[in-house]
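Worksheet for the structure shown next.
2 protein chains.
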Amino acid sequence: MTPASEPRWLTEAEQDAWYAWRRMFPLVNAEIARDLGQDSGLSEADYDVLSVLGQTDGHRMRISALAELMRWSRSRLSHQLTRMEQRGIVRREEVATDGRGAEVVLTDTGVAAITDAAPLHVKSVRRHLIDILTPEQLQALAEVGEVLRHRFGAARKGRD
Amino acid sequence: MTPASEPRWLTEAEQDAWYAWRRMFPLVNAEIARDLGQDSGLSEADYDVLSVLGQTDGHRMRISALAELMRWSRSRLSHQLTRMEQRGIVRREEVATDGRGAEVVLTDTGVAAITDAAPLHVKSVRRHLIDILTPEQLQALAEVGEVLRHRFGAARKGRD
DNA sequence: TCTACCTGGTTGACACGTCACTCACATAAC
DNA sequence: GTTATGTGAGTGACGTGTCAACCAGGTAGA
Numbered sequence: 170m171t172p173a174s175e176p177r178w179l180t181e182a183e184q185d186a187w188y189a190w191r192r193m194f195p196l197v198n199a200e201i202a203r204d205l206g207q208d209s210g211l212s213e214a215d216y217d218v219l220s221v222l223g224q225t226d227g228h229r230m231r232i233s234a235l236a237e238l239m240r241w242s243r244s245r246l247s248h249q250l251t252r253m254e255q256r257g258i259v260r261r262e263e264v265a266t267d268g269r270g271a272e273v274v275l276t277d278t279g280v281a282a283i284t285d286a287a288p289l290h291v292k293s294v295r296r297h298l299i300d301i302l303t304p305e306q307l308q309a310l311a312e313v314g315e316v317l318r319h320r321f322g323a324a325r326k327g328r329d
Numbered sequence: 170m171t172p173a174s175e176p177r178w179l180t181e182a183e184q185d186a187w188y189a190w191r192r193m194f195p196l197v198n199a200e201i202a203r204d205l206g207q208d209s210g211l212s213e214a215d216y217d218v219l220s221v222l223g224q225t226d227g228h229r230m231r232i233s234a235l236a237e238l239m240r241w242s243r244s245r246l247s248h249q250l251t252r253m254e255q256r257g258i259v260r261r262e263e264v265a266t267d268g269r270g271a272e273v274v275l276t277d278t279g280v281a282a283i284t285d286a287a288p289l290h291v292k293s294v295r296r297h298l299i300d301i302l303t304p305e306q307l308q309a310l311a312e313v314g315e316v317l318r319h320r321f322g323a324a325r326k327g328r329d
């Protein structure tokens with residue numbers, strides 16, 4: 170085999186960005202997740218599901234619709250719901266119009282959980298991320314997110 | 170109980186930043202991890218361990234030193250090494266000077282794995298992140314990373 | 001020496017995510 | 001109606017990460 174042409178290794182500036190990227194997310198997210206667990210007994214996954222359901226009419230949604238909204242795989246959501254159901258914060262219900270379908274419903278416990286957790290969570294997010302950065306830095310983050318979102322939206326073609 | 174004072178909810182700009190933050194990292198990392206798996210049969214965790222060991226003298230390191238360098242828990246590293254050892258890319262060896270200690274060593278297979286994987290990985294990182302962003306955006310990321318690193322360095326006090 | 005503590009490292013239980021597979025119901029083609 | 005195909009959802013195996021408990025070997029003080 171002829172040797173592959175030497176790849177374009179990262180410049181120093183690019184390495185800085187890449188290492189920052191790799192480091193900062195786990196760092197911040199671990200702190201926020203820890204807070205969430207200690208303050209409210211919830212994982213980030215729990216919180217995400219609860220907060221979406223908490224904003225829906227009747228605190229219920231078709232499972233596949235929820236998965237699509239959250240951009241989770243159905244499998245992932247199914248596993249998550251199983252764990253949440255065992256803890257009594259959500260409940261699955263069959264849906265009359267389609268024998269295959271099912272809905273998730275927040276239980277009263279679930280409603281209480283997300284209601285109690287939300288203010289503490291905001292505080293935590295502020296403390297570990299938002300309030301640390303300048304408005305310019307926040308805007309830069311949003312901008313980068315936007316660029317990447319478009320890039321991947323395009324890459325995934327019709328799948329969206 | 171008296172109701173807690175209304176928390177400072179996120180402004181729209183802050184929400185944009187927060188959602189971007191939450192979304193972009195899994196998005197990009199999933200792509201890069203997928204590439205790594207398909208191109209080289211490695212997970213990101215594998216790659217990280219291999220690339221550190223690949224740069225050390227004799228392709229070996231004390232396990233606790235490796236954990237500290239990577240900022241992994243010893244437990245996490247131990248689990249990871251067990252899996253890697255089963256696949257033959259690293260090997261554990263006892264160390265003579267300390268009856269408790271152990272070293273990890275790259276096997277020949279491991280050396281080959283990281284050597285082959287590195288150029289492909291750089292290409293993937295460029296494609297999914299670095300080459301998509303402008304130098305200004307890369308710099309903004311590095312800067313944000315720096316701010317957060319300091320913030321958490323301070324928060325963790327002497328633990329570093 | 002005996003004891004107490006520290007340290008390096010492993011282990012087990014559990015939460016989480018992915019993948020591939022399965023199963024039941026729905027729908028369209030014939 | 002029967003058959004093929006699609007779709008909603010769950011399951012099992014496995015990789016990964018955390019936490020707490022454990023164990024063996026070192027170290028220091030009585």
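Going line by line, the protein sequences match chains A and B.
Going by the numbering used here, the first residue of the first sequence is number 170, and it counts up by one from there.
Going by the numbering used here, the first residue of the second sequence is number 170, and it counts up by one from there.
All C-beta atoms in this analysis are idealised placements derived from N, C-alpha and C, irrespective of residue type, glycine included.
At the level of alpha carbons, what is the spacing between residue i and residue j?
i: B/Asp-217; j: B/Ala-199; result: 15 Å
i: B/Arg-229; j: B/Val-274; result: 4 Å
i: B/Pro-176; j: B/Arg-231; result: 47 Å
i: B/Ala-182; j: A/Gln-308; result: 7 Å
i: A/Leu-205; j: B/Ser-233; result: 30 Å
i: A/Gln-184; j: B/Ala-186; result: 23 Å
i: A/Asp-226; j: B/Ser-212; result: 41 Å
i: A/Val-221; j: A/Pro-304; result: 27 Å
i: B/Thr-266; j: B/Glu-315; result: 38 Å
i: B/Gly-279; j: B/Val-259; result: 6 Å
i: A/Glu-254; j: A/Leu-219; result: 12 Å
i: A/Thr-276; j: A/Gly-257; result: 7 Å
i: A/Val-197; j: B/Pro-195; result: 14 Å
i: A/Ala-286; j: B/Ala-286; result: 43 Å
i: A/Arg-295; j: A/Ala-202; result: 13 Å
On the DSSP bridge assignment, give the partners of residue i in chain order.
i: B/Glu-330; result: Because chain B in this structure spans residues 170 to 329, residue 330 of chain B falls outside the shown range and cannot be described.
When burial is assigned at 16 or more other CB atoms within 10 Å of the CB, is residue i buried or exposed?
i: B/Ala-281; result: exposed
i: A/Gln-249; result: buried
i: B/Ser-293; result: buried
i: B/His-290; result: buried
i: A/Ser-174; result: exposed
i: B/Leu-246; result: buried
i: B/Arg-325; result: Confidence at B/Arg-325 is low in this model, with a pLDDT of 47, below 50, so the placement of that residue is unreliable and no value is reported for it.
i: A/Ser-209; result: buried
(message) If we require 3 or more residues per run, which beta strand (DSSP E) segments fall completely within the segment 196-233 of chain B?
(response) DSSP runs (the beta strand (DSSP E)) wholly in the segment 196-233 of chain B: 229-231.
(request) Would you list, in chain order, the members of the segment 302-317 of chain A that have their beta-carbon closer than 8 Å to a beta-carbon of chain B? (result) Those residues of the segment 302-317 of chain A that come within reach of chain B (Cβ to Cβ, closer than 8 Å) are Leu-302, Pro-304, Gln-306, Leu-307, Gln-308, Ala-309, Leu-310, Ala-311, Glu-312, Val-313, Gly-314, Glu-315, Val-316, Leu-317.
(request) With 9 Å as the C-beta to C-beta threshold (strictly closer), list the residues of the segment 228-252 of chain B near chain A in chain order. (result) Residues of the segment 228-252 of chain B with a C-beta atom less than 9 Å from some C-beta of chain A are Arg-240, listed in chain order.
(message) What are the residues in the segment 195-210 of chain B lying within 7 Å of chain A by C-beta distance?
(response) Answer set for the segment 195-210 of chain B: Leu-196, Val-197.
(request) Can you give me, in chain order, the residues of the segment 181-192 of chain A that have a beta carbon less than 8 Å from any beta carbon in chain B? (result) In summary, the residues of the segment 181-192 of chain A whose CB is separated from some CB of chain B by less than 8 Å are Ala-182, Glu-183, Asp-185, Ala-186, Trp-187, Tyr-188, Ala-189, Trp-190, Arg-192, in the order they occur in the chain.
(request) Pick out the complete alpha helix (DSSP H) segments inside the segment 278-321 of chain B, 4 residues or longer, and give them in chain order. (result) Secondary structure within the segment 278-321 of chain B: not one fully enclosed alpha helix (DSSP H) run of 4 or more consecutive residues is present.
(request) Pull out every residue of the segment 261-276 of chain B whose Cβ sits closer than 7 Å to any Cβ of chain A, in chain order. (result) Under the 7 Å Cβ criterion, the segment 261-276 of chain B contributes no residue.
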